[in-house]
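In the order they appear, the protein sequences are chains A and B. In this text, residue positions in the first sequence follow the working numbering: the first is 1372, and each later residue adds one. In this text, residue positions in the second sequence follow the working numbering: the first is 12, and each later residue adds one. Positions of the beta carbon are idealized from the N, C-alpha and C atoms, including for glycine. Written out below as structure tokens is the structure these notes cover.
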Amino acid sequence: MKLKFCFIVLLIITGSLHAQDEILKIGQPAPEISLPDLNGNTTTLSSLKGKLVLIDFWATWCAPCVKEQPELKAIYDKHRNQVKAEKFEILGVSLDKSKEHWQKGVARFKINWLQLSDLKYWKSQVAKDYAITELPFNVLIDEQGKIIAINLHGAALQNFINNYLSHQK
Amino acid sequence: MRHVIFLFFIVLTFNSGLFAQQSQEPWSSSQLIEPATLASKINLNQTGNLLILSVGPDAVIKGSVGIGSAKEQANVKKLKSYLKNISKDKEVIIYCGCCPFDKCPNIRPAFKTLNDMGFKNAKLLNLSKNIKANWIDKNYPTSD
């Protein structure tokens, strides 16, 4: 009986932590993203079909997101051959409001993957479409544009990408 | 019995974390204003005696003034200069809404500035999660 009670309590705690994942589900097609890059050219998520794509939702005002950028850079550099072979890509989607801050952040972390933003902060349509309630947030999608992982960070993210790409060879 | 002890420790850990956080903040719990309360005042045009200041990345709330992120010293200076000629009795409500309170770098320097300047009716908008979850998603009035 006590065990059941403990289990229910833990379920409630973990459930509230993962409330973010309620709308977005693994196996579902990822909602389309169509946003301008730093030069104002619109890029779409669907144009990346055929690749494993890590969509990183971030902003320069989000300290944990900023902290994560060098880790993403390491992942991107490690898999540069798969990037060249058009098997892997990172799509950074910024919820910044200031283009200047966004631009400086991209330069500071030498981000060389795709970067998109409508510069609408939390009012951005992508925040709604992806039911984002907190940053950093990310989604991994497969070659068909289906969601295969939600909100992995640190070693879990690195391992997932390593495993996925190593099984592709 | 072991499970009960385990559960007790979980509750203790969660609670102590919350209390520790509350006691260190520059605001008291009575200085928090709920989003629903402010939204209602804005909708009823009862904001004549209020000053609503954004100290985060964007002034999302209708009628609020964007000071800029208060984690930057230049914006704290801007905040001081903006408040220089405002009566110390004025109700000044600040908000950021970038992140949950424990991760927000802006609300503490801003609220401390209000305290240091002697504002007696300083308030912090209780956007416990962020401006999206606690304001935009509730269809409260925004600046556009």
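Three-way DSSP call (helix, strand, coil) for residue i in this model
i                       : result
residue 72 of chain B   : strand
residue 150 of chain B  : coil
residue 1461 of chain A : strand
residue 77 of chain B   : strand
residue 106 of chain B  : strand
residue 1418 of chain A : helix
residue 66 of chain B   : coil
residue 118 of chain B  : helix
residue 1427 of chain A : strand
residue 1469 of chain A : coil
residue 32 of chain B   : Low confidence applies to residue 32 of chain B: its pLDDT is 48, below 50, so where it sits in the model is not reliable enough to give any reading.
residue 1405 of chain A : strand
residue 123 of chain B  : helix
residue 1443 of chain A : helix
residue 132 of chain B  : strand
residue 1397 of chain A : coil
residue 1413 of chain A : strand
residue 44 of chain B   : strand
residue 90 of chain B   : helix
residue 49 of chain B   : helix
residue 1385 of chain A : The pLDDT assigned to residue 1385 of chain A is 46, lower than 50, so where the model puts this residue is not dependable, and the model offers no usable value.
residue 1390 of chain A : Because residue 1390 of chain A sits at a pLDDT of 44, beneath the cut-off of 50, its placement in the model cannot be relied upon, and the following sentence gives the value as read from the coordinates. Residue state, collapsed to three classes: helix.
Check whether residue i and residue j have beta carbons under 8 angstroms apart
i                       : j                       : result
residue 53 of chain B   : residue 74 of chain B   : yes
residue 1469 of chain A : residue 1406 of chain A : no
residue 1509 of chain A : residue 1428 of chain A : yes
residue 1490 of chain A : residue 1461 of chain A : no
residue 1528 of chain A : residue 1519 of chain A : no
residue 62 of chain B   : residue 101 of chain B  : yes
residue 129 of chain B  : residue 99 of chain B   : yes
residue 71 of chain B   : residue 108 of chain B  : yes
residue 117 of chain B  : residue 81 of chain B   : yes
residue 1434 of chain A : residue 114 of chain B  : yes
residue 1423 of chain A : residue 1506 of chain A : no
residue 1421 of chain A : residue 1457 of chain A : yes
residue 97 of chain B   : residue 86 of chain B   : no
residue 1502 of chain A : residue 1426 of chain A : no
residue 139 of chain B  : residue 145 of chain B  : yes
residue 1467 of chain A : residue 1432 of chain A : yes
residue 143 of chain B  : residue 1401 of chain A : no
residue 1493 of chain A : residue 44 of chain B   : no
residue 35 of chain B   : residue 135 of chain B  : no
residue 1521 of chain A : residue 1397 of chain A : yes
Rounded distance between the beta-carbons of residue j and residue i, thought under 8 angstroms
i                       : j                       : result
residue 1477 of chain A : residue 1404 of chain A : Actually they do not touch by this definition, with Cβ atoms about 17 angstroms apart.
residue 121 of chain B  : residue 66 of chain B   : 4 angstroms
residue 46 of chain B   : residue 123 of chain B  : The Cβ separation is near 22 angstroms, so there is no contact.
residue 1482 of chain A : residue 1440 of chain A : 7 angstroms
residue 1485 of chain A : residue 1414 of chain A : 6 angstroms
residue 141 of chain B  : residue 111 of chain B  : 7 angstroms
Residue-chain proximity (residue i, chain D), Cβ-Cβ < 8 angstroms
i                       : result
residue 1498 of chain A : No chain D appears in the structure shown, which is made up of the protein chains A and B.
Any non-hydrogen atom of the ligand HEM within 7 angstroms of residue i CB
i                     : result
residue 58 of chain B : Looking for the ligand HEM in the displayed structure turns up nothing, as the structure carries no ligands at all.
*Any beta strand (DSSP E) of 3 or more consecutive residues that is wholly inside the stretch 1471-1495 of chain A*: 1485-1487
*Below 8 angstroms between beta carbons is the criterion; list the residues of the stretch 57-80 of chain B that meet it against any residue of chain A, in chain order.*
67, 68, 69, 71 and 80
*What residues in the stretch 1421-1441 of chain A have a beta carbon less than 9 angstroms from any beta carbon of chain B?*
So the close ones are 1430, 1431, 1432, 1433, 1434 and 1435.
*Segments of 3+ residues assigned as beta strand (DSSP E) that fall wholly inside the stretch 1497-1536 of chain A*: 1508-1512 and 1518-1521
*Near-chain A residues of the stretch 133-155 of chain B (beta-carbon distance less than 9 angstroms), N- to C-terminal order*: Result list: 140, 141, 142, 143, 144, 146, 147, 148, 153 and 155.
*Given a limit of 8 angstroms on CB to CB distance, which residues of the stretch 84-115 of chain B reach chain A?*
Residues of the stretch 84-115 of chain B with a C-beta less than 8 angstroms from any C-beta of chain A: 108, 109, 110, 111 and 114, listed in chain order.
*Check distances from the C-beta atoms of the stretch 1467-1480 of chain A to those of chain B and list, in chain order, the residues that come in under 9 angstroms.*
From the stretch 1467-1480 of chain A, only 1467, 1468, 1469 and 1472 have a Cβ closer than 9 angstroms to chain B.
*Anything in the stretch 1481-1497 of chain A with a Cβ closer than 7 angstroms to a Cβ of chain B? List those residues in chain order, please.*
1492, 1493 and 1494
_Cβ-based contacts, 9 angstroms cut-off: residues of the stretch 1501-1532 of chain A near chain B_ = 1503, 1504, 1505 and 1506
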